[in-house]
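Asker:
Number of protein chains: 2
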Amino acid sequence: MSESGKIATVLLSGGLDSMVTAAIARESGFRLHALTIDYGQRHVRELKSASSIAKKLGVERHVTLPLDLREFGGSALTADIDVPKTGVADDIPVTYVPARNLLFLALTTAFAESSGSSDLFIGVNALDYSGYPDCRPEFIASFAETARLGTKQGVEGVPFQIHAPLQHMTKGDIARECIRLSLDPAWSWSCYDPSPQGIACGLCDSCRLRRKGFAEARVADSTPYAADTDD
Amino acid sequence: MSESGKIATVLLSGGLDSMVTAAIARESGFRLHALTIDYGQRHVRELKSASSIAKKLGVERHVTLPLDLREFGGSALTADIDVPKTGVADDIPVTYVPARNLLFLALTTAFAESSGSSDLFIGVNALDYSGYPDCRPEFIASFAETARLGTKQGVEGVPFQIHAPLQHMTKGDIARECIRLSLDPAWSWSCYDPSPQGIACGLCDSCRLRRKGFAEARVADSTPYAADTDD
Chain A
7 MSESGKIATV LLSGGLDSMV TAAIARESGF RLHALTIDYG QRHVRELKSA
57 SSIAKKLGVE RHVTLPLDLR EFGGSALTAD IDVPKTGVAD DIPVTYVPAR
107 NLLFLALTTA FAESSGSSDL FIGVNALDYS GYPDCRPEFI ASFAETARLG
157 TKQGVEGVPF QIHAPLQHMT KGDIARECIR LSLDPAWSWS CYDPSPQGIA
207 CGLCDSCRLR RKGFAEARVA DSTPYAADTD D
Chain B
7 MSESGKIATV LLSGGLDSMV TAAIARESGF RLHALTIDYG QRHVRELKSA
57 SSIAKKLGVE RHVTLPLDLR EFGGSALTAD IDVPKTGVAD DIPVTYVPAR
107 NLLFLALTTA FAESSGSSDL FIGVNALDYS GYPDCRPEFI ASFAETARLG
157 TKQGVEGVPF QIHAPLQHMT KGDIARECIR LSLDPAWSWS CYDPSPQGIA
207 CGLCDSCRLR RKGFAEARVA DSTPYAADTD D
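Chains A and B supply the protein sequences, listed in that same order.
Position 215 of the first sequence, counted from 1, bears residue number 221 in this note's numbering, the numbering being contiguous throughout.
Position 148 of the second sequence, counted from 1, bears residue number 154 in this note's numbering, the numbering being contiguous throughout.
Structure follows, in structure tokens:
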């Protein structure tokens, strides 16, 4: 039950991390609003998962905003570049979308401000840091300060708070949270490159990290996969 | 002529300020890319001006990105709220669009990063500060730091520089710059609420500030207006 009636504005991609983040916000007593960005990603299946998660978690207002980043190019997630399937590398991956979290946090701020919500929830976590600069805690903190300075809500005394409850969790921790919160993993979608039949490939970075997480946590992932990794 | 071949990525709304900003970037030796956001603003006439300015200034890549902020609501520029015509007030105006410049700068950063440009140009100026928090210099500086932390380009050593060449100019200064740079004021569009025939109203905040600027600078504004102010 919400004691405060405060609204959490959740950036809900439809992936495992954002599903668990939304459920944590709800458990903390927030009412839920959610924003999903349809940015021309190859894995549109994620958008269906976002809608279904929003319904299951009782989100009061869910907006799916079209934003065609293919106009800009530059990422394997939106352009015609092959998604790698040979394993997770250490550098910034080709699936990096230019300034994505900067953009998505800005959109979440605009959405939150328009409905008077000052609590933003985003599912970035420890494992994302190495590859994606826009997942690092110092970026998130700097964004919060920028949003405070650049919005009516920030200036008039209700600064935005950016909650990243998975920040220090591994994928294993997140898998455990998923089960603890009674969420079915298969409601969420992680795969960057599903089969034509809509089955998760099992081999892209995102599938590999997800499977490793459930394996580490020794809990079952109910998601079917098209192929097994050789890890 | 460009000595460096460096690209300036200009946020080009189609208004007077962004036109003058783009011309200053060109004069400084940059090649021009421009981003226009079609955010469901009432004054779509501005978008036509942006295209025409881009052609006249020799912009090499001009993207007009649809982004339907009407989904969020909350501003007289995108929602069904009357645009005030009785004069410019001191507080944050109803034409404030939630987190607009935060969002537009984030989009400009994403566009710039996708084409390897690290110089962003935005037409904010002194007169905007009082009303719009997202035009203040401390916001722009904080945004630059956030973009540095949250992008591949920033992390790998080519931080974004945000140029706001009109920052300390009044509307009068901008009108003078417009003439000095041989730009026709009527290429640009400022009115928030044009007549059905597409004539600038002359009475909204944006028309009032523009007319005041040209009057102060004692230079002619070639734009036709539907009504005269009683100032």
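Every residue gets a Cβ at the ideal spot worked out from N, C-alpha and C, and that includes glycine.
What did DSSP end up calling R51(B) once you bin it into helix, strand or coil?
Answerer: helix
Asker: By how many angstroms is the C-alpha of R51(A) removed from the C-alpha of S58(A)?
Answerer: 11 Å
Asker: Could you check where the alpha helix (DSSP H) with I180(B) kicks off and where it finishes?
Answerer: Note, I180(B): alpha helix (DSSP H), 177-186.
Asker: With a threshold of 8 Å on Cβ separation, who are the neighbours of L187(A) within its own chain once the five nearest residues in sequence on each side are excluded?
Answerer: V26, A29, I30, E33
Asker: Give the secondary structure of I59(B) by DSSP, where H, G and I count as helix, E and B as strand, and everything else as coil.
Answerer: Helix, per DSSP.
Asker: Please list, in chain order, all residues of the same chain as S19(A) whose beta carbon is under 8 Å from its beta carbon, the five residues on each side excluded.
Answerer: T42, I43, E52, A56, G129
Asker: Can the beta-carbon of V164(B) be found closer than 7 Å to that of S124(B)?
Answerer: yes
Asker: Cα separation between Q167(A) and A150(A)?
Answerer: 7 Å
Asker: Judging by CA-CA distance, which residue of A40(B), P143(B), R216(B), H174(B) is the nearest neighbour of P191(B)?
Answerer: R216(B)
Asker: At the level of alpha carbons, what is the spacing between T3(A) and D234(A)?
Answerer: Only positions 7 to 237 of chain A appear in the structure, and residue 3(A) is not among them; the question remains open.
Asker: Leaving out the 5 sequence neighbours to the left and right, which residues in its chain are closer than 7 Å to K218(B) when beta-carbon positions are compared?
Answerer: Counting only Cβ-Cβ distances below 7 Å, and skipping sequence neighbours, we find K177.
Asker: Can you grab the Cα-Cα spacing for the pair L75(B) / G46(B), in whole Å?
Answerer: Each residue's CA atom was taken as its position, placing L75(B) and G46(B) some 6 Å apart.
Asker: Sort out for me which residues DSSP pairs H169(A) with in a bridge.
Answerer: F127(A)
Asker: How would you label G11(B), buried or exposed, when you count the other beta carbons within 10 angstroms and need 16 or more for buried?
Answerer: By the Cβ-count criterion, G11(B) is exposed, with fewer than 16 other Cβ atoms from all chains shown falling within 10 Å of its own Cβ.
Asker: Using the DSSP secondary-structure output, state which residues sit across from P72(A) in a beta bridge.
Answerer: D44(A)
Asker: Taking the straight line between their C-alpha atoms, what separation do you get for V103(A) and K158(B)?
Answerer: 9 Å
Asker: Using a Cβ-Cβ cut-off of 6 Å (strictly less than) and excluding sequence neighbours within five positions of I185(A), which residues of its own chain qualify?
Answerer: V225
Asker: Among the candidates F145(A), E119(A), G204(A), whose CA atom is the shortest distance from the CA of P230(A)?
Answerer: G204(A)
Asker: What residues in its chain sit with their C-beta under 7 Å from that of F36(B), if we drop five residues either side in the sequence?
Answerer: S8, K12, I13, A14, D125
Asker: With DSSP collapsed to three states, give me the class of V225(B).
Answerer: coil
Asker: DSSP beta-bridge partners for V16(B)?
Answerer: A40(B), F127(B)
Asker: By the three-class DSSP mapping on this structure, what secondary structure does A232(B) have?
Answerer: coil
Asker: My assumption, with CB atoms under 8 Å, is that L38(A) sits in contact with G21(A). Please give the rounded CB distance.
Answerer: 17 Å between Cβ atoms; not a contact.
Asker: Quick check: F117(A) and A116(B), are their CB atoms within less than 7 Å of each other?
Answerer: It is not a contact, given that the beta carbons lie outside the stated cut-off.
Asker: State the Cα-Cα distance for the pair G160(A) and L189(B), rounded to the nearest angstrom.
Answerer: 37 Å
Asker: For a test of the three-state rule: what should DSSP assign to A67(A), helix, strand or coil?
Answerer: Strictly speaking, residue 67(A) in this sequence is Arg, with Ala absent from that position. Note: R67(A) maps to strand in three-state DSSP.
Asker: Quick one, which of V16(A), D23(A), F145(A) has its alpha-carbon nearest V180(A)'s?
Answerer: The sequence shown places Ile at residue 180(A), not Val. Selected option, being the one with the closest Cα: D23(A).
Asker: In this structure, how does DSSP classify A206(B) when only helix, strand and coil are distinguished?
Answerer: strand
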